[in-house]
Every structure is written in structure tokens, then in C-alpha cells.
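Residue numbers (the numbering used here): 45 to 268.
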């Protein structure tokens, strides 16, 4: 069992928090590649390419090499697009965490420490366009510290913060490929809501489903 401590973000945590987020998001590249390979239009392109080359060359070698090359190029392209998305996040709310999350009464940012080293993060900001809802953002736990309940503890910290500040609910978005995160959020008490389609701004063909989870604070308070 790991002994950890949750505290509010300090300016000295800046680079560690950004590195932790970037590293955690980069881990999804292989999963994203598998997700893309399951898309009907990708399967159709690969199948047509293989069939055309097999018909024209009368040999298995050329189509196999071509498909292998396409997969390798596709993986590199997807990794590049994903890295651009990570960079964009680093230039938005994670550029100045102190001002974005701690400069307003209704928002906050926390880190979890193990032996005085930051191993996990989470932020909370008022939801855009929604009154009285708090958005949980930038949840990230170092790979070697997962499975010890740190993410759940950070979720509960956000929920307690929302209650103390009079929010009616906590909402968050996850990618469809974030299976472990989705299971964890549901285990804490979040309920899956709507799903909507989005794409990386640098490649309109790269689509992902985003799930919206919500924790209804008022309902839970009435039960207790």
C-alpha cells in the first residue's frame, strides 16, 4: 500500500504537473492506433489497397509490404497529431495553472504526493456555458502509482470541493478509449451521460467519441 498526501497546487509544481500530464496522455497512442484500425473506413481502405495490389502484382509480397508501410506511416501520423493535441493543452489551462485554477474562488488544482514527489494531479473549474456545474479536468496518475486508490481520492476531493462551493454537480469528459478511467469514474459514483463526436483540429478524419459523466451532488446529499 502506498502512503500519499493530497494538497493544493504550488507554483513549484508547474513543470512536474505538465510533464505528468504529457507523459500520461502519450500512453494512449497505441490504444488510439487500435481504435483507428477498427474504424470501417480504415478497414475498407486497407482491404481495397491489398486487393488492388494483389490483383495487379499477382504476388503476396507487394500488398503485404504496402499495408505494412501504410500502417507504419499511419501510426507515425497519429502520434504526431496526438502530440499536437497535448501541446495545445499545455498552452491552454496548463500554461499558467496558478492563474487558471487558483486565481478564482470557484476553481482549484490539487496534486498527490508520495515521499514529497508529485505523482498525480487533478483540476476543477466551473463548466463553460453551464450554471452551477463544476468540471473535473487534468486527472493524471503516474503509471507506477496506479491501482492504489489515488485517482479515486482525487475525485472525492473534487466532489467535496464542489459541495463546499455550492455546485449542483460535477461533470467530466473522457475519450472512448480511456476504458480504465471510465470504470474508475463509474466506481466513484459518476453516471454516463451523453456521448458526442469530435475530431483533432489538425485532421478532420480523426474522430473520437467523448463521454460525459456527471455526479449529481444534490441527489447524493439528500440520500445521506
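Positions of the beta carbon are idealized from the N, C-alpha and C atoms, including for glycine. Owing to the predicted nature of the structure, the values given are computational and were not obtained by experimental measurement.
Annotated as proximal: residue 228 and residue 195, with beta-carbon spacing under 9 Å.
With a 10 Å radius around the Cβ and a threshold of 16 neighbouring Cβ atoms, residue 199 comes out buried.
One Cα belongs to residue 69, the other to residue 104, and the distance between them is close to 37 Å. Residue 123 and residue 67 have their alpha carbons spaced roughly 13 Å apart.
In terms of Cβ geometry, residue 65 and residue 111 do not form a close pair [threshold 9 Å].
203 is the residue among 46, 203, 99 and 233 whose C-alpha sits nearest the C-alpha of residue 152.
Residue pairing by DSSP places residue 157 opposite 49 and 162 in a beta bridge. Residue 150 holds the alpha-carbon nearest to the alpha-carbon of residue 210 among 150, 106 and 102. Per DSSP, the unbroken beta strand (DSSP E) holding residue 177 starts and ends at 177-185. Distance from the Cα of residue 183 is smallest, within the candidate group 120, 173 and 224, for 224. In its chain, beyond the 5 residues on either side, 77 have a beta carbon closer than 7 Å to the beta carbon of residue 119. Taken through DSSP and simplified to helix, strand or coil, residue 206 comes out as helix. Within a 10 Å sphere around the beta-carbon of residue 154 sit 16 or more other beta-carbons, which makes this residue buried. For residue 232, there is no enclosing beta strand (DSSP E); the residue is part of the alpha helix (DSSP H) that begins and ends at 223-232.
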